[in-house]
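There are 2 protein chains.
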Amino acid sequence: MTTKIALAQVNFFVGDIEGNAQKIAHCVEQARTQKAHIVVFSELALSGYPPEDLLFRPSFYPRIQAALAQLLLLSQDIDIILGTPYSEDTHIYNALFYLSEGKLLARYAKHRLPNYGVFDEKRYFTPGHQPCIVHRHGLSMGLLICEDLWFAEPAAQALAAGAQCLISINASPYDHHKPEQRVAILHQRQQETGLPIIYVQSVGAQDECVFDGGSLVLNKQDKLILEAPYFEEGLFYIKAEKNDFISLEKKRPARSKESLIYEALRFGLLDYTQKNHFKGALVGLSGGIDSALTLAIACDALGVDQVEAIVLPSRYTSDESMHLLSEQIKLLGVKHTTLSIEPTYEALLHTLGDHLSTDMTDLPHQNLQARVRGILLMALSNQTGKILLTTGNKSEMAVGYATLYGDMAGGFAVLKDVYKTWVYRLARYRNEQSYVIPEKIILRAPTAELAPNQKDEDSLPPYDILDRILEAYIEEGRSLEEIAAVSFASEQDIKRVIKMIYRAEYKRRQSAPGIKITTRAFGKERRYPISQGFV
Amino acid sequence: MTTKIALAQVNFFVGDIEGNAQKIAHCVEQARTQKAHIVVFSELALSGYPPEDLLFRPSFYPRIQAALAQLLLLSQDIDIILGTPYSEDTHIYNALFYLSEGKLLARYAKHRLPNYGVFDEKRYFTPGHQPCIVHRHGLSMGLLICEDLWFAEPAAQALAAGAQCLISINASPYDHHKPEQRVAILHQRQQETGLPIIYVQSVGAQDECVFDGGSLVLNKQDKLILEAPYFEEGLFYIKAEKNDFISLEKKRPARSKESLIYEALRFGLLDYTQKNHFKGALVGLSGGIDSALTLAIACDALGVDQVEAIVLPSRYTSDESMHLLSEQIKLLGVKHTTLSIEPTYEALLHTLGDHLSTDMTDLPHQNLQARVRGILLMALSNQTGKILLTTGNKSEMAVGYATLYGDMAGGFAVLKDVYKTWVYRLARYRNEQSYVIPEKIILRAPTAELAPNQKDEDSLPPYDILDRILEAYIEEGRSLEEIAAVSFASEQDIKRVIKMIYRAEYKRRQSAPGIKITTRAFGKERRYPISQGFV
């Protein structure tokens with residue numbers, strides 16, 4: 016007996032229960048025309064993931080119930096496996112429903128509720144404890160939800176209860192280690208249980224998280240027989256015979272880490288603007304690497320016609336910057352507008368008079384210039400309805416090398432979780448696809464150009480050293496001594512950087528959202544106090 | 016046998032382990048001079064509450080251990096009960112330590128870990144399961160930590176294990192219902208167990224939460240014999256005889272809800288500025304009620320000499336506003352500076368030219384004016400090192416009636432969690448103490464004065480109706496039908512307000528912190544997606 020199974024890798028929208036149900040119905044229809052017997056959707060497909068405190072709204076569950084009732088009708092001649100929140104007796108479950116022949120054949124509640132990193136599942140859900148095995152179409156399917164697969168017990172429990180294959184539904188946020196980690200975990204479970212595994216992952220951006228697709232199938236011989244494309248929706252088919260799986264898809268070439276990170280940023284930006292109904296994007300272009308890469312990503316994401324570069328020169332903007340940014344504008348063929356910040360800056364100096372330091376290189380002066388840019392950019396954003404993208408990177412966000420309401424002003428921070436050294440790698444990667452960032456922008460020394468002859472490295476350690484410190488401290492949680500060993504920086508420099516990280520917490524609290532691509536992004540993944548006496 | 020017990024109500028500082036240990040040592044010394052036998056500190060006294068992800072830093076626990084070793088030495092002739100994080104075998108516990116005769120006599124791990132509202136304790140801690148009874152000084156003390164007391168089981172378990180009195184250590188964030196709720200819960204536990212209860216609560220502000228003190232003692236007859244002052248540090252004494260308690264403190268008069276809320280805001284602001292080393296505060300004064308109340312609170316918190324009012328008139332600022340704000344400046348005797356926003360606004364109009372709508376009453380124009388104010392205020396803040404206070408209230412924050420980087424610019428949002436109708440109540444309360452807010456400011460119709468003859472109620476429902484809708488939706492989680500019943504607003508108006516709440520989420524993400532005083536504050540207590548299709 017041969018069973019055809021469709022893996023539905025879909026971009027669900029948090030809270031849009033009816034829209035998600037329609038997407039599910041559409042995929043079921045497609046799978047039916049392909050003569051599939053079973054179609055599998057991702058974790059919390061019906062609500063989108065994560066619904067956060069929407070799960071506490073009383074009106075949430077009647078809408079879920081109504082959508083499920085509709086979907087039940089579609090399961091007359093095709094089985095539907097999907098994730099949905101489910102409420103019973105004041106408890107909420109992160110559940111898997113197995114719909115078949117117009118009935119709810121089985122229900123499973125997630126056992127392992129992640130409550131670390133970006134996850135708050137114990138805030139919402141009651142864990143399940145029973146395995147769920149469904150015998151249909153000659154298969155004995157052990158059903159699991161996401162985190163369940165990252166521990167040995169739930170799969171072992173399913174095996175003990177008679178499972179002969181595993182189906183896991185997932186909503187797993189991307190970081191640059193995640194794709195390979197998922198494959199490794201699947202192999203581990205396969206080796207422990209001997210069972211083949213279907214891993215259906217969602218795709219789509221939700222505020223700071225992006226779900227990357229790349230659904231997986233391992234067969235009984237522990238071979239990876241299917242790796243669905245990343246950052247793309249689609250239905251992917253396998254057939255099952257005697258509780259083993261055979262792919263019906265062509266093999267795709269492996270992708271580099273750079274290409275996946277770039278794609279996470281591009282796709283994350285696109286999906287954020289779409290889900291929040293923006294008509295296009297604005298980027299303040301400075302002639303530096305951060306705004307150059309941000310602009311390239313924006314054009315790749317939204318289409319060059321939807322993007323506008325805004326050039327905001329000051330007395331400190333070098334000819335080189337103006338020349339390089341003009342070159343990039345030409346390379347991309349993007350619309351652009353130039354507005355001088357000088358008249359407004361002059362007016363501010365006049366109004367502030369002797370309330371302001373006379374040393375024009377002082378921080379208040381630098382901030383003033385950055386904020387005039389912010390106010391001009393936001394005026395254009397308000398007037399056009401285009402979202403303003405901020406251009407700061409993770410290294411700057413970490414140490415507070417950014418001006419609140421200045422260069423931090425904007426609706427989305429494309430490079431928020433990208434270290435400066437990675438900004439360079441991604442710029443080079445982008446140029447390998449087609450030349451859009453003038454080489455000299457990549458080669459020149461970073462400068463904010465807010466004071467004469469200013470270089471970032473005057474006030475910060477060189478970025479390669481800074482980034483090693485930041486990664487060791489923020490992501491790996493290492494001690495001072497360990498960081499000294501991996502960064503080759505002095506303890507004094509490391510201490511200074513750590514202090515800067517803590518002091519900048521108040522700025523980060525007021526920063527725009529941006530896509531997480533590392534293992535510990537600022538935001539809900541890293542919860543530090545503003546007021547603290549630890550450092 | 017009579018035992019004297021000191022309740023130490025102390026302002027601990029998150030992360031400042033050595034500083035907190037010194038404060039504890041100082042209190043122990045004081046209690047010793049008062050011949051106390053036992054001194055009781057609050058939950059996580061040594062680390063401050065909540066330490067958040069500092070709990071994951073490897074260098075955290077050696078510092079905790081070193082501090083505990085010092086405190087052990089102080090327990091030779093006086094028993095010390097205190098809360099501290101404790102790490103063992105990769106687990107972290109929210110623990111209570113009982114130090115006596117230079118030794119660790121007992122250790123208790125919190126059973127009930129709150130993971131709702133502002134709390135994330137399951138992110139960090141492993142729960143305990145065993146009761147902890149200490150027999151010392153003729154007492155049989157059942158020891159509990161905060162949330163434990165909000166459920167029946169832990170106290171019942173302690174009773175069953177031989178407790179004849181209960182001591183609970185707490186770090187309980189204030190909201191305007193909390194003081195009476197705590198008393199009610201203590202009575203409930205007393206009635207279930209028949210045991211007298213000591214409830215030691217911390218005091219101090221930590222970012223958006225304020226801990227209000229008001230430690231409590233119930234005797235065996237279920238009588239509230241001690242209610243320590245709110246928002247004040249201190250040692251408060253009782254004596255214990257035959258496992259019952261007798262207060263050694265005078266009774267204090269009951270406080271009104273208004274006085275406690277006002278004090279929460281005043282104290283919360285003061286503590287935030289102190290813990291973050293600000294030298295003073297700036298308030299942009301408009302002649303409206305929000306900035307008037309913010310200025311009054313700032314002067315009460317920091318002292319009038321540390322505060323400066325900044326007046327930023329525009330073409331739309333009425334004579335009445337100028338007159339009223341001058342009157343308040345005189346009443347308070349506060350320093351002030353007046354800077355016109357017109358020259359900068361003009362320069363921006365000139366620079367933006369035909370990129371901007373010609374209708375000067377359009378939103379982009381209103382935002383520009385608000386942002387010129389923001390940039391001027393931030394320049395003064397940067398130059399002086401004084402924190403800029405934002406003046407927006409919760410009703411505005413809820414519906415997005417505020418300008419990002421404009422009136423939302425600043426380091427602390429004093430009224431962030433205060434509904435507009437409560438702004439009025441607090442202004443009247445403040446004037447009852449001494450007249451500092453001109454009566455006409457309280458009586459006039461609210462206006463942003465960003466366009467000619469603008470009134471808030473042109474674009475928003477009247478605030479009394481708006482606030483009823485907001486409270487029902489945000490705090491009580493009510494459905495549309497229920498809100499219609501309690502607010503007397505039309506379903507159409509309610510729907511419009513709900514939509515505004517969702518649409519403004521992106522603004523709130525970039526807002527300054529402010530003290531929580533309601534049962535559901537924006538921020539970590541209310542976790543909603545920016546991108547959502549629910550409404």
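Protein chains in written order, with our numbering: chain A, 16 to 550; chain B, 16 to 550. Beta carbons are placed, not taken as given, at the ideal position from N, Cα and C, and that holds for glycine.
Reducing DSSP to helix, strand and coil, say where residue i ends up.
i	result
Phe112 (chain A)	strand
Pro77 (chain B)	helix
Tyr123 (chain B)	strand
Met337 (chain B)	helix
Met16 (chain B)	coil
Leu158 (chain B)	strand
Gly283 (chain A)	helix
Return the bridge partner residues of residue i from the DSSP annotation.
i	result
Gln24 (chain B)	B:Gly249
Asp259 (chain A)	A:Glu256
Val512 (chain B)	Answer by DSSP bridge pairing: none, since Val512 (chain B) is not bridged.
Asn185 (chain A)	A:Gln216
His106 (chain A)	A:Glu103
Phe71 (chain B)	Paired residue(s): none; Phe71 (chain B) is not in a bridge.
Leu475 (chain B)	According to DSSP, Leu475 (chain B) bridges with nothing at all.
Ala324 (chain A)	A:Val298 and A:His351
Ile224 (chain A)	Before going further, note that residue 224 (chain A) is Cys rather than Ile in the sequence given. Bridge partners of Cys224 (chain A): A:Gln221.
Glu242 (chain A)	A:Leu231
Phe427 (chain A)	A:Leu404
How close, in whole Å, do the beta carbons of residue i and residue j come, if the pair is a contact with beta carbons under 8 Å?
i	j	result
Gly303 (chain B)	Pro477 (chain B)	That pair is no contact at about 16 Å.
Ile554 (chain B)	Leu280 (chain B)	Absent from the model: residue 554 (chain B). The displayed extent of chain B is 16 to 550, so no value can be given.
Gly30 (chain A)	Gly548 (chain B)	5 Å
Gln400 (chain B)	Leu430 (chain B)	The sequence as given places Gly at residue 400 (chain B); Gln does not occur at that position. Gly400 (chain B) to Leu430 (chain B), Cβ: 23 Å. No contact.
Asp305 (chain A)	Val133 (chain A)	With a Cβ gap of about 24 Å, Asp305 (chain A) and Val133 (chain A) do not count as contacting.
Ala36 (chain B)	Leu88 (chain B)	Not really, about 11 Å apart at Cβ, beyond 8 Å.
Val501 (chain A)	Arg518 (chain A)	Not really, about 23 Å apart at Cβ, beyond 8 Å.
Tyr189 (chain B)	Val225 (chain B)	5 Å
Leu275 (chain A)	His191 (chain A)	7 Å
Tyr360 (chain A)	Val387 (chain A)	5 Å
Gln49 (chain B)	Ala243 (chain B)	Contact doesn't hold; Cβ gap of about 15 Å is too wide.
With a Cβ-Cβ cutoff of 7 Å, do residue i and residue j count as a contact?
i	j	result
Lys235 (chain A)	Pro268 (chain A)	no
Leu391 (chain A)	Leu354 (chain A)	yes
Asn10 (chain B)	Glu67 (chain B)	The structure shown does not extend to residue 10 (chain B), since chain B is modelled only from 16 through 550, so no value can be given for it.
Ala316 (chain B)	Leu284 (chain B)	yes
Tyr287 (chain B)	Ala220 (chain B)	yes
Thr436 (chain A)	Asp479 (chain A)	yes
Val232 (chain B)	Phe260 (chain B)	yes
Tyr245 (chain B)	Asp227 (chain B)	yes
Ile32 (chain A)	Ala82 (chain A)	yes
Ala413 (chain A)	Leu485 (chain A)	yes
Ile53 (chain B)	Asp104 (chain B)	no
Val587 (chain A)	Ala311 (chain A)	The requested residue 587 (chain A) does not occur in the structure, where chain A is confined to residues 16 to 550.
Glu520 (chain B)	Tyr488 (chain B)	no
Leu346 (chain B)	Val319 (chain B)	no
Phe27 (chain A)	Ala51 (chain A)	no
Gly421 (chain B)	Ala527 (chain B)	no
Ile356 (chain B)	Ala324 (chain B)	no
Cys180 (chain B)	Asn258 (chain B)	yes
Val43 (chain B)	Ile96 (chain B)	no
Ile452 (chain B)	Ala307 (chain B)	yes
Please compile the residues from chain C whose C-beta is within a distance smaller than 7 Å of the C-beta of residue i.
i	result
Lys137 (chain A)	The structure shown contains no chain C; its protein chains are A and B.
At a threshold of 6 Å, does residue i count as lining the ligand MN (C-beta to nearest heavy atom)?
i	result
Glu357 (chain A)	Among the components modelled here there is no ligand, and therefore nothing to report on the ligand MN.
Quick test of the definition: if touching needs 3 or more C-beta pairs under 8 Å, does the segment 141-158 of chain A touch the segment 118-130 of chain A? yes
Would you call the segment 377-390 of chain B in contact with the segment 445-465 of chain B, where contact means no fewer than 3 C-beta pairs closer than 8 Å? yes
Is the segment 129-148 of chain B in contact with the segment 108-117 of chain B, if contact means three or more CB pairs nearer than 8 Å? yes
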